[in-house]
Amino acid sequence: MSSVSPSLPTVFCFAGQGSQYYHMAGDVMGEHAVFRQWMEIGDEIVRNAEGFSPLEAIYGAGRKASEPFDRLEHSHPSLFLVQFALAKLLQAKGIKPDMLLGVSLGEFVAMSVAGMFPFETALRAVARQPKVFAETAPKGALIAVLAPETIREASPVLAEATELAGTNAAAHCVLACPASETGRVLDELRRLDVAFQQLPVPFAFHSRWVDSAKDAYLAAVADLSFETPFWPVWSACLAAPVERMDGALTWRIVRDGMRLRDTFSAIEARGGARYLDLSPSGSLAAVLRQDLRDGGSEIVPLVSPFGGNLKRLSALFGVGRA
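Okay, so the sequence shown: first residue is 54 according to my numbering, each after it adds one.
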């Protein structure tokens with residue numbers, strides 16, 4: 054890990070659906086008690102509320118990391134838990150954020166870490182979301198594409214069958230489509246010879262194809278209340294810090310497009326940062342590097358499906374600042 058200027062603010066970055074996989078952060082679970090304790094606390098909350106164990110879903114025998122972790126009612130709270138527990142581990146080691154950045158589901162993690170609403174409240178709200186969409190929204194897909202967002206304009210098929218669900222970098226976007234169009238969209242991307250990955254997500258979040266869930270979603274979050282955060286929380290929905298949070302804005306986080314590139318650009322315009330990627334796959338660091346290759350900021354992925362997690366965390370803890 055390269056040294057960084059102490060003047061650079063530290064940003065905890067949290068990702069959304071698509072960054073999960075079986076056995077994520079398993080070595081961290083075995084080595085770090087703080088991480089394990091938060092995972093166990095969250096596991097008990099979800100078991101009591103939803104009747105299943107996230108720990109069994111993530112770490113159960115017979116699952117390979119390469120298999121798609123695509124059962125939303127399991128992956129949603131599991132992804133929240135892993136990132137929240139990593140944040141608590143970093144804080145226990147004296148590494149504090151100056152700000153937090155969330156993308157989609159990661160915004161709920163960021164808000165909870167920042168104290169905008171309690172851990173149990175946030176986790177229960179996240180764990181309820183899959184049922185809401187299963188009952189009210191049609192099946193769909195999210196597809197990460199290694200191409201500029203203008204790819205839709207160059208293809209009549211993509212223009213007709215997809216919506217832009219997010220722009221992560223100059224040459225990285227996310228497309229949403231209904232399930233009935235998924236095959237045609239994937240065939241068109243192959244024809245265009247662009248790299249892509251269908252995310253393990255059963256709904257076309259961040260598009261009009263989840264609009265039918267709005268009323269049920271807003272009813273499910275009607276009882277939520279939010280406090281002033283301990284640190285600024287940057288929203289990839291707003292591409293700005295959250296000034297005031299309510300249930301309507303949490304719906305926008307799920308429904309509106311992800312503006313990750315604009316969010317990073319806004320932070321960079323303030324002088325850059327030390328970005329700590331707490332996503333299980335290091336996905337945020339990967340897209341951030343596309344646009345910040347020559348900048349003065351530091352980009353630090355912490356966890357990866359390819360291992361080396363304990364070594365990276367040990368290096369971070371060795372140079373972390375309180």
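Each residue gets a CB set at the ideal place from its N, CA and C atoms; glycine is no exception. This one's a predicted model, so the numbers in the text were calculated from it and none came from an experiment.
Can you tell me whether DSSP reads residue i as helix, strand or coil?
i      : result
Gln250 : strand
Thr174 : helix
Trp42  : Given a span of 54 to 375 for the chain in the structure shown, any question on residue 42 remains unanswerable.
Gly193 : strand
Ala222 : strand
Leu329 : strand
Ala200 : coil
Pro231 : strand
Leu363 : helix
Ala293 : strand
Leu217 : strand
Met311 : strand
Rounded to the nearest angstrom, what separates residue i and residue j at their Cα positions?
i      : j      : result
Asp344 : Val99  : 38 Å
Val87  : Phe370 : 14 Å
Ser56  : Thr203 : Low confidence applies to Ser56: its pLDDT is 36, below 50, so where it sits in the model is not reliable, and the reading given next is rough at best. So the alpha carbons of these two residues sit roughly 37 Å apart.
Pro62  : Ala214 : 41 Å
Ala326 : Val185 : 37 Å
Tyr112 : His127 : 12 Å
Ala68  : Met92  : 18 Å
Pro231 : Pro191 : 7 Å
Trp287 : Met298 : 12 Å
Pro255 : Ala197 : 14 Å
Arg374 : Ser367 : For Arg374, the predicted structure reports a pLDDT of 44, less than 50, and the residue's modelled location is therefore unreliable. The matter cannot be settled from this model.
Gly83  : Glu188 : 37 Å
Pro333 : Ser60  : 27 Å
Ser119 : Val247 : 22 Å
Gln132 : Phe249 : Inspection of the sequence shows that residue 132 is occupied by Leu rather than by Gln. Whole-angstrom Cα-Cα distance: 22 Å.
Ala140 : Asp151 : 13 Å
Cys290 : Thr220 : 11 Å
Leu228 : His259 : 9 Å
Glu216 : Arg237 : 14 Å
Leu142 : Arg314 : 27 Å
Lys149 : Ser208 : 45 Å
Ala338 : Phe172 : 25 Å
Looking at the unbroken alpha helix (DSSP H) that takes in residue i, where does it start and where does it end?
i      : result
Pro336 : It is worth fixing the name first, because residue 336 is Ser in this sequence and not Pro. Taken as a continuous stretch (DSSP letters only), the alpha helix (DSSP H) holding Ser336 covers Ser336 to Asp344.
Asp240 : Thr235 to Leu245
Leu132 : Leu125 to Ala145
Thr63  : No alpha helix (DSSP H) holds Thr63; the beta strand (DSSP E) holding it covers Thr63 to Phe67.
Glu109 : Pro107 to Tyr112
Glu160 : Leu158 to Val166
Leu153 : Taken as a continuous stretch (DSSP letters only), Leu153 belongs to no alpha helix (DSSP H), being part of the beta strand (DSSP E) at Met152 to Gly155.
Met82  : Gly79 to Glu84
Pro209 : Pro209 to Ala214
Trp304 : Gly300 to Arg308
Tyr270 : Lys267 to Ala273
Just to confirm, is the Cβ distance from residue i to residue j under 8 Å?
i      : j      : result
Ala200 : Ala224 : yes
Val166 : Phe137 : yes
Ala212 : Gln251 : no
Asp96  : Leu108 : yes
Tyr74  : Pro358 : yes
His129 : Val179 : yes
Val340 : Ala218 : no
Using only alpha-carbon positions, find the residue among the options that is nearest to residue i.
i      : options                           : result
Ala272 : Met164, Ser334 and Ala301         : Ala301
Asn101 : Leu176, Ala118, Phe283 and Leu153 : Leu176
Trp253 : Leu125, Leu217 and Leu313         : It should be pointed out that residue 253 corresponds to Pro in this sequence rather than to Trp. Closest by alpha carbon: Leu125.
Ile352 : Leu363, Pro358, Gly360 and Glu321 : Glu321
Leu263 : Pro282, Ala293 and Val307         : The sequence shown places Val at residue 263, not Leu. For the residues Pro282, Ala293 and Val307, the minimum Cα distance to Val263 belongs to Val307.
Ala319 : Pro171, Glu97, Leu154 and Leu245  : Leu154
Arg116 : Asp151, Gly79 and Leu355          : Gly79
Gly335 : Ser72, Arg89 and Ser60            : Ser72
Lys146 : Glu160, His85 and Met164          : His85
Asn362 : Leu245, Leu331 and Glu103         : Leu331
Arg243 : Val210, Arg181 and Ser265         : Val210
Phe279 : Ser260, Thr303 and Arg89          : Thr303
Ala350 : Val356, Arg365, Ala180 and Tyr328 : First, the residue type needs correcting, since residue 350 is Ser and not Ala in the sequence shown. The option with the nearest alpha carbon to Ser350 is Tyr328.
Arg323 : Ala275, Pro294 and Arg365         : Pro294
Leu158 : Met311, Cys226, Gly360 and Glu296 : Met311
Would you say the beta carbon of residue i comes nearer than 7 Å to a heavy atom of the ligand HEM?
i      : result
Leu329 : Here there are no bound small molecules, and the ligand HEM is not part of this structure.
Start and end of the beta strand (DSSP E) containing residue i?
i      : result
Arg323 : It is not in any beta strand (DSSP E) - Arg323 carries neither H nor E in the DSSP assignment.
Pro354 : Glu351 to Pro354
Would you say residue i faces chain B, with C-beta separation under 8 Å as the test?
i     : result
Ile98 : Looking at the structure shown, chain B is missing, and only one protein chain is on hand.
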